[in-house]
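Accompanying notes for the structure given below.
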Amino acid sequence: MRLPALVEGIFLQRTSRFSALVLVREKKEKVYVPNSGRMQELLTAGGRVYLAESPKAERTTKYDLLLVDFHGTLVSVDSRVPNLIIMEALKKGNLPFWQGQELTDLKKEATFGKSRFDFKVSVDAGRGRWEETFIEAKSVTLVKGNTAMFPDAPTERGSKHLQELVQAVRQGLRGMVIFVVQRPDAETFAPNAETDPLFAENLQLAAECGVELHAFRCVVQKTQIVLEREIPVLGG
1 MRLPALVEGI FLQRTSRFSA LVLVREKKEK VYVPNSGRMQ ELLTAGGRVY
51 LAESPKAERT TKYDLLLVDF HGTLVSVDSR VPNLIIMEAL KKGNLPFWQG
101 QELTDLKKEA TFGKSRFDFK VSVDAGRGRW EETFIEAKSV TLVKGNTAMF
151 PDAPTERGSK HLQELVQAVR QGLRGMVIFV VQRPDAETFA PNAETDPLFA
201 ENLQLAAECG VELHAFRCVV QKTQIVLERE IPVLGG
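Just so we're aligned, residue 1 is where the sequence shown starts under the UniProt record's numbering, counting upward by one.
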C-alpha cells in the first residue's frame with residue numbers, strides 16, 4: 001500500500017496512549033499515535049520518526065505518527081495498516097495459502113457471536129463447496145532477536161477474539177488469525193507469553209481446535225508498505 005508524503009521529526013515523549021510530543025520543523029507538536037500498544041523499545045526520546053499531515057478542523061493534532069527509524073530499520077506503527085494490507089491481498093488473491101482459489105462475498109467488520117472480526121470471506125473449496133471464513137488481522141511491531149511477538153501489552157479483546165474463532169470452527173466454519181509484522185527483520189512469530197500469558201494460552205488452544213494461524217512480515221519504505229512473505233508461527 002502507498003503512503004502519503006511524510007515529514008521527518010524527532011520523538012520527544014509519549015503523552016498518552018494515542019498521543020506524543022514530536023519535534024517537527026523546529027517546533028514541538030502534539031501528534032496522533034495510531035496504536036495503543038506500549039512500543040517502549042521503538043518510541044524513545046531522540047529517535048527519528050516520520051509523520052503524515054492530517055490537517056482536519058475537527059482534530060486537535062495535525063500529524064499522524066506512521067513510521068519509526070529503529071536503528072536503521074523502518075517500522076510501521078500504524079495499527080490501521082494490517083487491515084488495509086490484508087484487504088488489498090484478499091482482493092488481489094495474493095495470500096499464498098489461497099493461491100488459485102476463488103474468493104467471494106468479502107465483507108469487512110463481520111459479526112460472529114459477540115465479536116466483530118475484520119473480515120469474512122467465502123472460499124471455493126471445490127466440488128461446489130464454499131467455506132465461510134472469519135479473519136482477524138493483528139498488528140505486530142515488537143521483535144525480540146529475530147522473533148516477532150504479540151501482544152506488547154495485555155489484550156483481553158485479543159483473547160476474546162480467539163475464543164470466538166474457536167466457536168466458529170466448532171460450528172463448521174473456518175477461523176483465521178493473520179499477524180502482520182510491520183517490519184522486515186523478523187524470521188519467526190511467537191505469542192508474547194511473558195506479557196500476556198492468557199493470550200498465549202488461548203492462541204495455543206485455538207490452534208489445537210483448528211483455528212488457522214499465519215504471520216507475514218512487511219517491507220517498510222517511506223513511500224509504501226508491502227506484504228513480503230510468510231514466516232513460521234511458533235508456540236501456536
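The beta carbon of each residue, even a glycine, is placed where N, CA and C say it ideally should be.
Exercise. Name, in chain order, the residues that DSSP records as bridge partners for H214.
Key: I178
Practice problem: Could you tell me which uninterrupted beta strand (DSSP E) segments, each at least 3 residues in length, are contained entirely in the segment 103-155, listed from first to last along the chain? | Solution: 103-112, 115-126, 129-140, 142-144, 147-150
Quiz item: For P82, which residues from the same chain have a beta carbon less than 6 angstroms from its beta carbon, with the 5 sequence-adjacent residues on both sides left out?
Solution: A137, S139, V180
Practice problem: Look up L74 in the DSSP assignment and give the residues it is bridged to. | Solution: D69
Quiz item: With C-beta atoms as the reference, is E102 less than 7 angstroms away from D124?
Solution: yes
Quiz item: Once you ignore the five residues that flank V177 on each side, which residues in its own chain have a CB closer than 6 angstroms to its CB?
Solution: E136, L213
Exercise. Give the straight-line distance between the Cα atoms of N35 and T111, rounded to the nearest whole angstrom.
Key: 23 angstroms
Quiz item: Does the segment 46-65 come within contact of the segment 150-169, defined as at least 3 CB pairs closer than 8 angstroms?
Solution: no
Practice problem: Work out the CA separation of R14 and L23 for me, nearest whole Å. | Solution: 12 angstroms
Quiz item: For S159, which of helix, strand or coil comes out of DSSP?
Solution: helix
Quiz item: In this structure, does DSSP put residue 248 in helix, strand or coil?
Solution: As shown, the chain starts at 1 and ends at 236. That puts residue 248 outside it, with no answer to give.
Self-check item: Presumed contact (8 angstroms Cβ cut-off) between C218 and P184, rounded CB distance
Solution: 7 angstroms
Quiz item: Between T155, A207, A168, which lies nearest to E194 when the distance is taken from Cα to Cα?
Solution: T155
Quiz item: Is the distance from the Cβ of V233 to the Cβ of F199 below 7 angstroms?
Solution: no
Exercise. Quickly, what does DSSP pair T188 with across the bridge? List them, please.
Key: T147
Self-check item: Among R17, R116, R25, the one whose alpha carbon lies nearest that of I10
Solution: R25
Self-check item: Pick from F134, D152, Q224 that is closest to L142, judged by C-alpha positions
Solution: D152
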